[in-house]
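Student: Chains as they are written, first to last, in the numbering used here: chain G, 1092 to 1340; chain D, 1092 to 1340.
This structure is in structure tokens; I'll ask about it shortly.
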């Protein structure tokens, strides 16, 4: 088992995807929101790479009843039912509903790795559940950080490091690339400052995305997304849709 | 003062160079070798981006007496006087000599940032000397890691983190990008394990480049390059050549 990390979805080499397990991370906020929606009973989420694609899917009779959610460059999308705040998805009103979901970086990352062996949706919220599932597999793992418009995102790297650290601590026989080893060190360094229960909110607030969200009035989202392991749902992306696989906690 | 890091020379955006101080890092081994050569009294080093360019420079009457040094993909270059092991450059036999130097990643990085305001050559060996000099400037800093054939190099990121950590600890008013902040955390995490005097050899041995050097019989190079602050020379790259600026220790 080898563990590697890609820092942005733009850097994903499609030839390196095949046969691997891809862990997709967009901590602020797309994967945190997807995990929350699935945990709240959302029956199915269809990631769309653009607003146009989301609207086209909605016109399909199969998805006609589905809600539209997401954001474009951090902004709410006109005529969409829901935005990209995980707190909008945090209770039971979504139970049994389907969702078409479009964001700037996260959903594009998911679509890009769709030909991998398995694609699991990950954030700090469900990190240990993801580690437990990965530990039960014997496949090479590629952790795909969404990044932000082609740039490094600290919060995605932190979550990636949490996954690498969790796997190596379980004494599973695995090799890590230099970048994966770096991420594990970075996570461990910050875990010492994260308190108990683990909260990385103060670190997330100092990131580019964290500052942007603070300015836009989404401090509660940062606090929520900074919590490690409060959910144990495992959303998988398969055949174009995201569904819960199991609750392993 | 803002501090940013570029992970590979392939990722350098030439538009972002102008007006900035560039810190060029190729810890294993080009910048460690350059720093050592300058410290040993080498009068001038001319970085060449290829063997062909090195040989062409050597034909120039100005550089006819200069020694040829460097490597190609980790191998010694036929008919070159010296390789890319810093230990070959570690004593006085270079005193007063000029050097034409070509390596796979390091010298290309130097050439790429030549239009920056200033270009300083950095490795763990002279890290604190570089920090002291940077602290005396009030300019934006771009730390350019050479990387390895377009891939992330842990040892360059570690050295970059040493620079960021050193600057922020001096309470200099500066901002750090997400990647620069990450590097500082990574460095601090590993500094706790590095002993006194600081030696990062064991960490360097587990990197891709470290393993390659171990296999090729260069363990002593890794041990040497893993030492922080044993030299205080400050080589600057200006008008196509590298010369010592001052000894600030």
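All residues carry an ideal CB built from backbone N, CA and C; glycine is no exception.
What you are looking at is a predicted structure, and each value in this text was computed from that prediction instead of being measured.
Is any beta-carbon of chain G found at less than 9 Å from that of residue 1123 of chain D?
Tutor: Here residue 1123 of chain D is taken as the residue at index 32 of the second chain, counted from 1. Not one chain G Cβ lies under 9 Å of residue 1123 of chain D.
Student: Which residues of chain G have a Cβ atom closer than 8 Å to the Cβ of residue 1244 of chain D, listed in chain order?
Tutor: Here residue 1244 of chain D refers to the residue found at position 153 when the second chain is read from its first residue. The answer, in chain order, is 1269.
Student: For residue 1299 of chain D and residue 1269 of chain G, what's the separation of their Cα atoms in angstroms?
Tutor: As a position in the second chain, residue 1299 of chain D is number 208, starting the count at 1. As a position in the first chain, residue 1269 of chain G is number 178, starting the count at 1. Computed Cα separation, rounded: 7 Å.
Student: Using CA atoms only, rank isn't needed, just tell me which of D:1289, D:1238 and D:1211 is closest to residue 1331 of chain D.
Tutor: Within the second chain, residue 1331 of chain D is the residue found at index 240, counting from 1. The option with the nearest alpha carbon to residue 1331 of chain D is D:1211.
Student: Which residues, taken in chain order from the stretch 1258-1290 of chain D, show a beta carbon closer than 7 Å to some beta carbon of chain G?
Tutor: Flagged, chain order: 1269, 1270, 1272, 1273, 1276, 1277, 1279, 1280 and 1281.
Student: Considering residue 1072 of chain G, what are the terminal residues of the beta strand (DSSP E) in which it resides?
Tutor: Limits of chain G in this structure are 1092 at one end and 1340 at the other, which puts residue 1072 of chain G out of reach.
Student: Using the three-state DSSP reduction, which class does residue 1233 of chain D fall into: helix, strand or coil?
Tutor: Numbered from its first residue, the second chain carries residue 1233 of chain D at position 142. Residue state, collapsed to three classes: strand.
Student: Residue 1298 of chain G versus chain D: which residues are under 7 Å apart at the beta carbon?
Tutor: On the first chain, position 207 is the one that residue 1298 of chain G refers to. Within chain D, the residues near residue 1298 of chain G are 1269.
Student: For the stretch 1225-1249 of chain G, enumerate the residues whose C-beta is nearer than 7 Å to any C-beta of chain D, in chain order.
Tutor: If the cut-off is 7 Å between Cβ atoms, the stretch 1225-1249 of chain G has 1243, 1244, 1245 and 1248 near chain D.
Student: Taking 9 Å as the threshold (C-beta atoms), are residue 1092 of chain G and residue 1230 of chain G in contact?
Tutor: Indexing the first chain from 1 puts residue 1230 of chain G at position 139. Indexing the first chain from 1 puts residue 1092 of chain G at position 1. Contact flag set, yes.
Student: For the alpha helix (DSSP H) that contains residue 1311 of chain D, what are its first and last residues?
Tutor: Walking along the second chain from the start, residue 1311 of chain D turns up at place 220. Segment 1310-1316, the alpha helix (DSSP H) holding residue 1311 of chain D.
Student: Return yes when the Cβ of residue 1113 of chain G is within less than 9 Å of the Cβ of residue 1207 of chain G, no when it is not.
Tutor: Looking up residue 1207 of chain G in the first chain gives position 116. Looking up residue 1113 of chain G in the first chain gives position 22. Contact flag set, yes.
Student: Are there 16 or more other CB atoms within 10 angstroms of the CB of residue 1246 of chain D, so buried, or fewer, so exposed?
Tutor: On the second chain, residue 1246 of chain D is found 155 positions in, with the first residue counted as 1. It counts as buried.
Student: Is the number of C-beta pairs between the stretch 1183-1202 of chain D and the stretch 1118-1125 of chain D that are closer than 8 Å three or more?
Tutor: The stretch 1183-1202 of chain D vs the stretch 1118-1125 of chain D: in contact.
Student: Report the rounded CA-to-CA distance for residue 1128 of chain G versus residue 1160 of chain G, giving the unit in angstroms.
Tutor: Looking up residue 1128 of chain G in the first chain gives position 37. Looking up residue 1160 of chain G in the first chain gives position 69. Near 11 Å, if we compare the C-alpha coordinates of residue 1160 of chain G and residue 1128 of chain G.
Student: With distances taken from CA atoms, which of D:1178, D:1095 and D:1115 is nearest residue 1333 of chain D?
Tutor: Here residue 1333 of chain D is taken as the residue at index 242 of the second chain, counted from 1. Measuring from the Cα of residue 1333 of chain D, the nearest candidate turns out to be D:1115.
Student: Can you tell me whether DSSP reads residue 1138 of chain G as helix, strand or coil?
Tutor: Taking the first residue of the first chain as position 1, residue 1138 of chain G is located at position 47. The answer is strand: DSSP assigns residue 1138 of chain G an E or B state.
Student: Do you know offhand how far residue 1319 of chain G's Cα is from residue 1255 of chain D's?
Tutor: Stepping through the first chain from its first residue, residue 1319 of chain G is reached at position 228. Stepping through the second chain from its first residue, residue 1255 of chain D is reached at position 164. Taking the straight line joining both Cα atoms gives about 28 Å.
Student: Please state whether the Cβ-Cβ distance between residue 1238 of chain G and residue 1244 of chain G is less than 9 Å.
Tutor: Here residue 1238 of chain G refers to the residue found at position 147 of the first chain. Here residue 1244 of chain G refers to the residue found at position 153 of the first chain. Their beta carbons are under 9 Å apart, which means residue 1238 of chain G touches residue 1244 of chain G by this criterion.
Student: What number of angstroms, rounded off, separates the C-alpha of residue 1131 of chain G from the C-alpha of residue 1292 of chain G?
Tutor: Reading the first chain from its first residue, position 40 is the one you call residue 1131 of chain G. Reading the first chain from its first residue, position 201 is the one you call residue 1292 of chain G. Rounded to the nearest angstrom, the two C-alpha atoms are 22 Å apart.
Student: Which whole runs of the beta strand (DSSP E) in the stretch 1154-1204 of chain D are 3 residues long or more, in chain order?
Tutor: If we require 3 residues or more, the beta strand (DSSP E) runs fully inside the stretch 1154-1204 of chain D come out as 1158-1163 and 1189-1193.
Student: Can you pull the DSSP bridge partners for residue 1334 of chain G?
Tutor: If you number the first chain from 1, residue 1334 of chain G lands on position 243. DSSP lists G:1327 as partners of residue 1334 of chain G.
Student: Nearest CA to the CA of residue 1175 of chain G: which residue from G:1163, G:1144 and G:1285?
Tutor: Counted from its first residue, the first chain places residue 1175 of chain G at position 84. Nearest C-alpha to residue 1175 of chain G: G:1163.
Student: Chain D beta carbons: is any one of them nearer than 9 Å to that of residue 1340 of chain G?
Tutor: The count along the first chain starts at 1 and reaches residue 1340 of chain G at position 249. In this prediction, residue 1340 of chain G scores a pLDDT of 41, lower than 50, which makes its location untrustworthy; no coordinate-derived value is stated.
Student: In terms of alpha-carbon separation, which member of G:1273, G:1188 and G:1141 lies closest to residue 1153 of chain G?
Tutor: Position 62 of the first chain, counting from 1, holds the residue named residue 1153 of chain G. Comparing Cα-Cα distances from residue 1153 of chain G to each of G:1273, G:1188 and G:1141, the minimum goes to G:1188.
Student: Can you list, in chain order, the residues of its chain with a C-beta nearer than 8 Å to that of residue 1185 of chain D? Leave out the 5 residues immediately preceding and following it.
Tutor: Residue numbering aside, residue 1185 of chain D sits at position 94 when the second chain is read from its first letter. Closer than 8 Å at the Cβ level, and outside the excluded window around residue 1185 of chain D, lie 1128, 1131, 1132, 1133 and 1158.
Student: DSSP three-state label for residue 1213 of chain G, please.
Tutor: For the purposes of this step, residue 1213 of chain G is taken as the residue at position 122 of the first chain. Reduced to three states, the DSSP call for residue 1213 of chain G is strand.
Student: According to DSSP, is residue 1151 of chain D part of a helix, a strand, or is it coil?
Tutor: In the second chain, counting from the first residue as 1, residue 1151 of chain D sits at position 60. Three-state result, residue 1151 of chain D: coil.
Student: Using CA atoms only, rank isn't needed, just tell me which of G:1216, G:1108 and G:1106 is closest to residue 1125 of chain G.
Tutor: The residue you call residue 1125 of chain G lines up with position 34 of the first chain. Among G:1216, G:1108 and G:1106, the Cα nearest to that of residue 1125 of chain G belongs to G:1216.
Student: Output yes or no for whether 9 Å exceeds the beta carbon distance between residue 1258 of chain D and residue 1225 of chain D.
Tutor: Taking the second chain and counting its residues from 1, the one referred to as residue 1258 of chain D is at position 167. Taking the second chain and counting its residues from 1, the one referred to as residue 1225 of chain D is at position 134. Yes. Within cutoff.
Student: Do you know how far the Cα of residue 1301 of chain D is from the Cα of residue 1166 of chain D?
Tutor: In the second chain, the residue the question calls residue 1166 of chain D occupies position 75. In the second chain, the residue the question calls residue 1301 of chain D occupies position 210. For residue 1166 of chain D and residue 1301 of chain D, the distance between alpha carbons rounds to 15 Å.
Student: With a threshold of 8 Å, establish whether the CB of residue 1148 of chain G neighbours any heavy atom of the ligand NAP.
Tutor: Annotation note on the ligand NAP: not contained in the displayed structure, which lists no ligands.
Student: Consult DSSP for residue 1263 of chain D and reduce its assignment to one of helix, strand or coil.
Tutor: Numbered from its first residue, the second chain carries residue 1263 of chain D at position 172. Of the three classes helix, strand and coil, the one that applies to residue 1263 of chain D here is coil, per DSSP.
Student: How many angstroms separate the CA atom of residue 1140 of chain G from the CA atom of residue 1286 of chain D?
Tutor: Indexing the first chain from 1 puts residue 1140 of chain G at position 49. Indexing the second chain from 1 puts residue 1286 of chain D at position 195. C-alpha separation (whole angstroms): 49 Å.
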